[in-house]
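First comes the structure, then the notes that go with it.
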Amino acid sequence: MPKGNEKDVRDVPDEVRKKMAFTFVSTMDEVLLLALLPPTSPAGPLADRPEPTPPTETGRLELADAPAARG
3 MPKGNEKDVR DVPDEVRKKM AFTFVSTMDE VLLLALLPPT SPAGPLADRP
53 EPTPPTETGR LELADAPAAR G
């Protein structure tokens with residue numbers, strides 16, 4: 003969810019909040035890392051992830067330094 007909506011989680015009923023995990027992001031790079039790479043640590047989905055690099059001149063996100071997906 004967008005980081006700006008973090009304050010709105012208080013409006014979600016308790017029974018729903020207890021069954022869901024919310025991850026708040028500031029950039030699309032964070033969304034892509036969360037969506038495309040498996041979690042690497044029980045500490046949280048972004049705990050062991052590399053910092054996203056800015057898009058290249060072609061506009062593509064570089065994931066060369068990201069951990070390899072487990073098979």
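The sequence shown lines up with residues 3 to 73 when you count with this note's numbering.
Think of the CB as a built atom: it goes at the ideal place given N, C-alpha and C, for glycine as much as any other residue.
These numbers come from a predicted model, not from an experiment.
Check	Outcome
Below-8 Å beta-carbon distance, S28 vs any chain C residue	The structure shown contains no chain C, having only a single protein chain.
Range of the contiguous alpha helix (DSSP H) that encloses D16	D16 to R19
Opposing strand residues paired with P4 [DSSP bridges]	V27
Residues near F26 in its chain [Cβ-Cβ closer than 8 Å; skip 5 each side]	M3, P4, K5, N7 and E8
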